[in-house]
Structures are given as C-alpha cells and as structure tokens.
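Q: Per the working numbering, the sequence shown starts with residue 343, numbered consecutively.
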Amino acid sequence: MTVPEGYQGMVDGGSNIVEADWESVSSILQVGGTIIGSARCKAFRTREGRLSAACNLVQRGITNLCVIGGDGSLTGANIFREEWSGLLEELARNGKIDKEAVEKHAHLNVVGMVGSIDNDFCGTDMTIGTDSALHRIIEVVDAIMTTAQSHQRTFVLEVMGRHCGYLALVSALACGADWVFIPESPPEEGWQETMCAKLSENRARKKRLNIIIVAEGAIDNQNKPITSEQIKELVVKQLGYDTRVTILGHVQRGGTPSAFDRILASRMGVEAVVALLQATPETPACVVSLSGNQAMRLPLMECVQMTQDVQKAMDERRFKDAVQLRGRSFEGNLNIYKRLASKTPDSQIPKSGCHVGVINVGAPAAGMNAAVRAAVRVGISEGHKVFAIYDGFEGFARGQIKEIGWSDVGGWTGQGGSILGTKRTLPGKHLEQIAAQMRAHSLNALLIIGGFEAFESSATFAEARGDHQEFCVPICVLPATISNNVPGTDLSLGSDTSLNAIVETCDRIKQSASGTKRRVFIIETMGGFCGYLANMGALAAGADAAYIFEEPFDIRDLQSNVEHLTRKMKTSIQRGLVLRNESCSENYTTDFIYQLYSEEGKGVFDCRKNVLGHMQQGGAPSPFDRNFGTKISARAMQWISTKLKEARGTGKRFVTDESICVLGISKRNLVFRPVVELKKETDFEHRIPREQWWLKLRPLMKILAKYKASLEVSDLGQPEPVSGHSEPAAI
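#1: What is the C-beta distance between Cys464 and Arg668, in whole angstroms, given that I count them as a contact (C-beta under 8 Å)?
#2: Give the single residue among Gly379, Asp354, Gly348, Thr344 whose Cα lies nearest to the Cα of Asp363.
#3: Under three-state DSSP, which class holds Pro965?
#4: Mind checking His956: buried by the 16 CB within 10 Å criterion, or exposed?
#5: Does the region 916-933 touch the region 874-887, meaning 3 or more C-beta pairs lie closer than 8 Å?
#6: When the Cα atoms are used, what is the spatial distance from Ser940 to Glu846?
#7: Let me know the secondary structure DSSP gives Cys848 once reduced to three states.
#8: Please report how far the alpha carbon of Ile553 lies from the alpha carbon of Tyr679, in whole angstroms.
#9: If we ignore side chains and look at the alpha-carbon of each, how far apart do Glu1027 and Ser825 end up?
#10: Would DSSP call Phe463 helix, strand or coil?
#11: In the DSSP output, what is Ala557 paired with across the bridge?
#12: By DSSP, does Gly1006 sit in helix, in strand, or in coil?
#13: Considering only C-alpha positions, which residue in the set Cys818, Leu576, Asp440 is nearest to Asn786?
#14: Indicate whether Met487 and Leu581 have their beta-carbon atoms separated by less than 8 Å.
#15: Taking DSSP as the reference, what is the three-state secondary structure of Glu347?
#16: State buried or exposed for Ala614, treating a residue as buried only when at least 16 other CB atoms are found within 10 Å of its CB.
#17: Roughly how many angstroms lie between the CA atoms of Ser368 and Gln916, to the nearest whole one?
#18: Determine the contact status of Met643 and Ala627, defining contact as a CB-CB distance below 8 Å.
#19: Under DSSP, the alpha helix (DSSP H) around Gln775 begins and ends at which residues?
#20: Could you pull out every residue in the same chain whose Cβ sits closer than 7 Å to the Cβ of Leu676, ignoring the five residues on either side in sequence?
#21: Based on Cα-Cα distance, which residue from Val577, Leu768, Asn451 lies nearest to Thr622?
#22: Take the Cβ of Ile897 as the centre, count every other Cβ of all protein chains shown within 10 Å, and call the residue buried at 16 or more, exposed below.
#23: What are the boundary residues of the alpha helix (DSSP H) that includes Leu541?
#24: In angstroms, rounded to a whole number, what distance separates the CA positions of Val453 and Pro641?
#25: For Ile766 and His726, what's the separation of their Cα atoms in angstroms?
#26: Could you compute how far the alpha carbon of Asp1057 sits from the alpha carbon of Val616?
#27: Of all the beta strand (DSSP E) runs that stay within the bounds of the region 708-772, which reach a length of 3 or more residues?
#28: Please list the segments of the beta strand (DSSP E) lying wholly inside the region 831-901, counting only runs of 3 or more residues, in order along the chain.
#29: Which value, in whole angstroms, describes the spacing of the CA atoms of Tyr349 and Phe386?
#30: Closer than 7 Å: is that where the CB of Gly704 sits relative to any heavy atom of the ligand COA?
#31: Straight-line CA distance for Asn436 to Lys446?
#32: Rounded to the nearest angstrom, how far is the Cβ of Leu1053 from that of Asp967, given a contact under 8 Å?
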C-alpha cells in the first residue's frame, strides 16, 4: 500500500491509501522527488488526527509502516507507534472498530528511512537525496568556475542547510573552496580579516578565482546569522574584488537521482522490508542507515535524540560538541577541509627530511587528481617533500620526477583523467632503472594510485625487495579504477563517476524510445572481467537483466530472459533494458544477444544495441569520487607518515608484509591490507578478487526485474547501538 501526501493521506484515508502493484512503480527510478507526494500535516500532530490515521490503517489491515522522511516525520511515526494500543482501545470504545480488530492489529511495527538532502540525521553516513543534491551543487560550481576564471571574480555560493552544514562542507571539499561557513563550526573572532587575507594571498599566487561557500544557516560564534550578501559587501569593501552572489535554492532538491542515491535507496528499501518482516512486539522502532558500505539498523529514537542534541549544542554555543555529535564522518570532513584549504607557513612545519613519491598507474579514473592533490598537501603539512612521478612506471624509469608544491595542485579536484599521466605498463622490466631513480631522488615512501596494475606492481616490489633495498620503504596502494576490481576494497575511486555515466546514458536511451513501439535496448559496459559496472548499472537503471562473467550463463538462461521480457512487454511496460559486461562470455557477444532478442521478440518488441565504450572513463569526477579520493588519499599519506616516524633516525628498512598495503573500504571500516595477504584472495588470470560483496545484490536486481530469486537477508534481528568504531569508512 502507498499513502499519498504523507501523514495527511493517512489521516484522510479513503482513496488516499492505495494498493501498489508492479506496474504502478515501473519506470519511476529516474524520476526525482516522490511520485506519491509528501506534505507537512498539522492534523497528525494532534491525537484526533492520529486516531483517524489508526482507524484508516486498521480498516485496511495495515500493521507495518515504512516511513521515509526527516527527523520530524520519524519522531511522529514513533509517537504513533507508542500510542497505537491506546488509540485502538479508544476507537473500540467509540464503536469505530470491534474488539476482534483490536486483538488482530495489536502491534504497529515502524521502520524509518531517512530522506533528506541536508544529511542532517545522526546515525547514518548518507541520507537518501544528499548525493543527488551534491551533484546539483557541483554542476553549478563547475560552471561558475569557468566564468570566474575568465573574469577574475569572487563568487559567494549559498547552499541549503538551515541547521546542518553538510552540503556546504562537502561541496567546499569537492571544489577546493577558499572558505566555508557552516552553522556547526562558526568562524573565530576576527574572521573578516583572516578571510580577506587568505583571499588576497590566493590571488597573489595567481589564483584567478575565489569561491566562498555559505550554508543558509551559517552563524558567527555569537549565534548571529552570516549572510551571503554580508560576505559580498565585506569582500568588495576590503579588497575591491568583483564579487557575485549565487543562491542555489530549490535547484538542489530537483533533478534526476544520482546512481549512488538509486542504489542506496534500493538497498535501504530492502533492509526496511526485511526489518518489518523480522520485527516482533518487543523490537523498538528502528531506522535503516548506511555505515561505510554496510546497511545497518539503529534505534530510531536514539538517532532522533542525537540529531536534536546537535541543535541544542549549537543553541548553547557548544560548537565542538555539535561537530562531534554530527558523527565522525562530519568531523573528518571538517578536519580534512581545514588541513587542505590553508597552508601552514613553512617556518611552522617541522621538517621530516623524508621524500614521498606519488604515481598514477593503469587506466585513468575520475578522482585521481583529487587524490593526488590531497596526498601532496597532507604530505607537505606533515613536513615531507612530495615528488610527482609522471607517466606511470615508464616515466618513473626515465626519471620524469619533480618535486610538487602546495599551489601546484590548486584546482585539481574537479578535473577528470590523470594530470600526472598514467600508463598500464608494469614495473617488472624496469626494476633496475626504477630502483636507481628512487636512490637518486632519495624516495622514502611511495603512494601508488591506480587500478589492478597498481596492485600487481606493489606485489612485484614486495618480491623485488631481496634484490633492491630501495623498495624496502612503506608503499601504499590507493585503488582507482572504474572497473572496481582491486582486491582489498569494496569500492574503487572512479567507479561512481562511471556508474553515473552509464545510468545517465541508460536514462537517455530509454527516453529515446518514448512514444514509439515497444523496444528493448542491449547495452555493453566496460569493466574487463569484473561485472560491477554492469550489475550496479542494471540495479540503478532498472534493467531487466545483466550478463556478467562472475555468474556463468548459457543459451537456456538467454531464452528464459527473452521469454520473461516478452511477457512483461505484453503489459503496459513499453521499454526493456539489458546490460552486458564486455568480457562476460567469449561466444555470447553483444551482437549475438542483440540478434537473439531481435529474432525471439518479433511481433512483440524490436531491439537496439549500444556499446558505451570510453565515455565511461571520461568526464568530471562525481562529488562522491572527489570526496572519496580526497579523504582516502589523506588517510594513506597519514599512514605513510606514521610508518616513517617509527623509523626516523634508526635507519630501519621496511621488509615486513605490513609495509606494502592496499587501503580500502571493507563494510564499515577503512582497512590497510598487506598485498601479500591479498594475493591469496585474487584471481590473477581474470584480474578480479575471488569474492565480491556486490554479488549479494544480484538477487535484488532480479527481484526488481520481476524474477523469482531468494535474497540473502540481514542477520540483524535487533538494532545496533549508536556508537563509533575504530576507523569508520564514512563516505
């Protein structure tokens, strides 16, 4: 059942509570907002309103409620649940329902999903809608940067966030803004002079534009509002810069959902239904949340209380507490932004005497430049000299190595591809020359940013340590590939941008058949032997099938898929979508599948095929990849610094397995895994990990395409406590 217009529909009842069927929710995945409508409801805040809502639910036999909304909606749902038995008794006394109905519907189970673009709900790393809002903001920032650079302008951008600065903070991190104003962390006394000094310092470094991002709820440390107009007047008056204000407003709420939001919402929706099915009268109301890359269930009211405590802390000017209450993800974002936005004077940075090399390896992936920028700036702030290695291991062997400074990486975050240059060449043939270059430049550590080649090359260095002592240094691999096939991590840098390109293209392709006869599209994706892009693209685009190497298929499966699609096409469904990974089968090629579907679908649908190719590799990085690259790279450089500090002054050589690691996300945590250990978990022939977490989502894709499939459900019978863990993989 769906309830249009939020709680108002539940209070009004009648035709406002509608049974949903398969076709009623077809082709809505790419539609922004909510097709069932949402509204604030004063009536539901009163007991009379809740009585009416309870009566309407009981009449339809509804005792499970999934509420998608912010903390207000979820608090209302919890009050409703707590009052449920009392409401039913009152309805029975008034003769609205009989005693049998009271007994039959004695308990109301409630599960919440947080839908809010502000990401202002404690307990989850990301709320549904936040990533899409960031896409809108970054699109505008990228466009503004072009005009600002042309005219040497300062832009003040106001983004949403009346009580939460998440959007402002993360968009500042994603575009390398000069200054950010958020309600949880107001600027210190005298911020006006400090900000103007920083803007003029950046101009002196030949930076042609200044970007200042302001949350609409920005305040000073006396809780007085700081407005975008105030900031503009200040900059014009003190510096005389040509300054413009752009208020994004409701643009941030609109548009097509991003790939991340579609997959997040689909996963959360499944977890919510499973939670309702597993609920007992003793189970407290829970909220489904995201922790790292794992769906979690947390006690609803604990999360609501923490969210309200943030506002209370801000009202009482306990700003440090407010930042901590927002969670480690928010706090980490703020600390990294501060560290990367302002350079500490050289005289105040204790020199480590260490040289760290940064190299890109493999095919280009969006977010590589953001990772290099973060590595360079964190390395410099740790007192190291950072050396950029150009054109992969070929460039390394030829000595294309140069020290890189703080301002050299300015403006890199939003640029696609690899500015350092990257090649697929492995170091095997060049070990002598690379060792000589490491010796010549006194490199004490290496950060390798790249795909499967980066992983393979680190394994080669581990094996070569016996012959070349130059490789006895800390080496960290940062996975960056659109294929997401690097062992040791759930997610690789660049795969989110690529998924968005696939989903956007699938949306357009489906729309191209709008108003024509029934049509099925066969789309080929990249990824080598790894089916991540095909599988997750299918889930995000609402595809009917996805053919991947990891799940072998034969002609019977293809025939079954065609018949299934034919049956669907005989209903009101007009378009079908089939994704195929480029290396899923040697013989069942894209052409073969296209011809099979064309022949078998005659008289019901016609077919078109599309090979997406390298458009999946290009383009500006998504907000997710910009931030993921920035945060994971900063963490990698901190790990390198810790290792170097341990060895300082001892002349220690790094020969243990733990000194060559892959940094990745594993479920809820950031994990450094030794490459030697990961080799055992790798299928080198096909360049994929032996076990891949996303294969557990295969049945979900099939269920959503109307196949019968069994889904592996969460084993979380009870909500987990809201608490931190050692090193959260907050995204």
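Just so you know, even glycine gets a beta-carbon here, dropped at the ideal spot from N, CA and C.
The structure displayed is predicted, hence computed values, not measured ones.
A: This is what the structure holds:
#1: 7 Å
#2: Thr344
#3: helix
#4: exposed
#5: yes
#6: 24 Å
#7: helix
#8: 14 Å
#9: 15 Å
#10: coil
#11: Val501
#12: strand
#13: Cys818
#14: no
#15: coil
#16: buried
#17: 10 Å
#18: yes
#19: 773-782
#20: Leu511, Ser527, Val665
#21: Asn451
#22: exposed
#23: 533-546
#24: 10 Å
#25: According to the sequence shown, residue 766 is Arg rather than Ile. Taking the straight line joining both Cα atoms gives about 28 Å.
#26: Bear in mind that a pLDDT of 47 at Asp1057, under 50, signals an unreliable position, so the number given afterwards is only what the model happens to contain. In a straight line, the C-alpha of Asp1057 is about 10 Å away from that of Val616.
#27: 727-731, 743-745
#28: 861-867, 887-889
#29: 6 Å
#30: Within the structure as shown, the ligand COA is missing, as the structure has no ligands at all.
#31: 18 Å
#32: In fact, because the Cβ distance is near 29 Å, the residues do not count as touching under 8 Å.
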